[in-house]
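K.L.:
Take the sequence shown: its position 93, counted from the start at 1, is 157 in the numbering used here, and no numbers get skipped.
Glycine is no exception: its CB is placed at the ideal position from the N, C-alpha and C atoms.
These numbers come from a predicted model, not from an experiment.
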Amino acid sequence: MYVPKYFEESDTAVLHALIQSHPLGAWVTQGNGELTVNHIPFLVDPSRGANGTLMGHVARANDVWQSYSKDILSVVVFQGPQAYITPSWYPSKRAHGKAVPTWNYAVVHAHGMPNAIEDREWLLRHVSQLTDMQESQQAVPWKVSDAPPDYIDTMLRSIVGIEMPISSLAGKWKLSQNRPPADKPGIIAGLLEREDAQSKEVAALVKQRVNRELAE
């Protein structure tokens with residue numbers, strides 16, 4: 065991934081936080097002479113390994129768990145909030161017109177060698193943890209134990225776990241760091257005027273970067 069220095073995010077805790085808040089990863093593997101992309105939700109365990117460990121699962125019928133290369137690292141892409149940025153928000157555009165549109169976003173790439181796991185206890189623990197995390201905002205959270213045990217056993221037999229120790233993490237936080245300071249309040253204000261949640265998330269990230277720059 066191309067990452068200019070001013071867009072680089074290397075704080076592991078920040079990268080893990082994006083994975084946790086945007087857990088649907090695009091898992092890219094190579095096998096049988098071609099690239100394959102699968103979209104699956106992941107958990108990240110920050111305590112396992114220098115960069116953490118990803119855990120997910122795929123349908124047993126999906127042959128990716130058998131066909132991925134055991135010699136080439138996989139990458140999982142986690143896309144955070146993103147938004148279009150219009151130059152109309154820049155005071156510099158009104159001053160001299162030398163401005164073009166761009167796109168702001170935050171993204172994490174996690175590289176590693178995955179392992180396929182068929183162990184029932186691992187799978188039960190994994191889906192329970194994944195469910196508990198995603199159900200935590202429900203008024204009455206659903207639990208795996210709410211379903212009949214024989215039904216859960218059937219469902220567990222239909223999936224295969226994926227565990228990937230992260231060998232390297234890369235984060236790109238493209239948040240108008242390359243714009244003049246005078247342009248940034250307009251970017252934040254413009255994003256906040258939009259109704260979609262992603263624009264408001266990007267506005268918050270831009271503001272965080274501005275505050276960080278002021279503190280440095």
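Take L269 as the anchor and find which of E280, E259 and P249 has the nearest alpha-carbon.
P.N.:
That would be P249, whose Cα lies nearest to the Cα of L269.
K.L.:
Can you tell me whether S74 is buried or exposed, with buried defined as 16 or more other CB within 10 angstroms of its CB?
P.N.:
exposed
K.L.:
Which of the three DSSP states is assigned to Q94 in this structure?
P.N.:
DSSP places Q94 in the strand class (E or B) of the three-state scheme.
K.L.:
Would you kindly work out how many angstroms separate the C-alpha atoms of Y132 and D210, rounded to a whole number?
P.N.:
A direct Cα-Cα distance of roughly 34 Å separates Y132 from D210.
K.L.:
List, from N- to C-terminal side, the beta strand (DSSP E) runs of 3 residues or more that fit wholly inside the region 171 to 222.
P.N.:
179 to 181
K.L.:
Which two residues bound the contiguous beta strand (DSSP E) that contains H121?
P.N.:
Note, H121: beta strand (DSSP E), T117 to A123.
K.L.:
If you draw a straight line from the C-alpha of V101 to the C-alpha of S111, how long is it?
P.N.:
27 Å
K.L.:
Check this for me: beta carbons of I223 and H121, under 9 Å apart or not?
P.N.:
yes
K.L.:
Excluding the 5 residues preceding and the 5 following S85 in the sequence, name in chain order all residues of the same chain whose CB lies nearer than 8 Å to its CB.
P.N.:
G144
K.L.:
Quick one: what does DSSP say E72 is sitting in, helix, strand or coil?
P.N.:
strand
K.L.:
What residues in its chain sit with their C-beta under 6 Å from that of S138, if we drop five residues either side in the sequence?
P.N.:
Here the set comprises T93 and P178.
K.L.:
Identify, in the order they occur along the chain, each residue of the same chain with its Cβ nearer than 6 Å to the Cβ of A246, setting aside the five sequence neighbours on each side.
P.N.:
P155
K.L.:
Please name the residue in A170, W129 and A163 whose C-alpha comes closest to that of A147.
P.N.:
A170
K.L.:
Compare the C-alpha of K238 against each of I226, I251 and P229 and name the closest.
P.N.:
I251
K.L.:
Keeping to the same chain, check which residues put their C-beta closer than 7 Å to that of R184; ignore five residues upstream and five downstream.
P.N.:
L220
K.L.:
Is the separation between the beta-carbon of A174 and that of L233 shorter than 9 Å?
P.N.:
Contact check for A174 against L233 passes: the beta carbons are separated by less than 9 Å.
K.L.:
Report buried or exposed for H80, applying the criterion of at least 16 other Cβ atoms within 10 angstroms of its Cβ.
P.N.:
Under this definition H80 is a buried residue.
K.L.:
Between W186 and V140, how many whole angstroms is the CB-CB distance? I'm expecting something under 8 Å.
P.N.:
With a beta-carbon spacing of about 19 Å, W186 and V140 fall beyond the 8 Å limit used to define contacts.
K.L.:
Taking the alpha-carbon positions, what's the T117 to Q272 distance?
P.N.:
27 Å
K.L.:
Which value, in whole angstroms, describes the spacing of the CA atoms of T53 and R276?
P.N.:
What the structure shows of the chain is the stretch from 65 to 280, and residue 53 is not part of that stretch, so it cannot be assessed.
K.L.:
If I measure Cβ to Cβ from N115 and keep anything under 6 Å in the same chain, skipping five residues before and after, which residues do I get?
P.N.:
I230 and L233
K.L.:
Give every residue of the same chain whose Cβ lies closer than 6 Å to the Cβ of V274, excluding the five residues on either side of it in the sequence, and list them in chain order.
P.N.:
Correct list, in chain order: K248.
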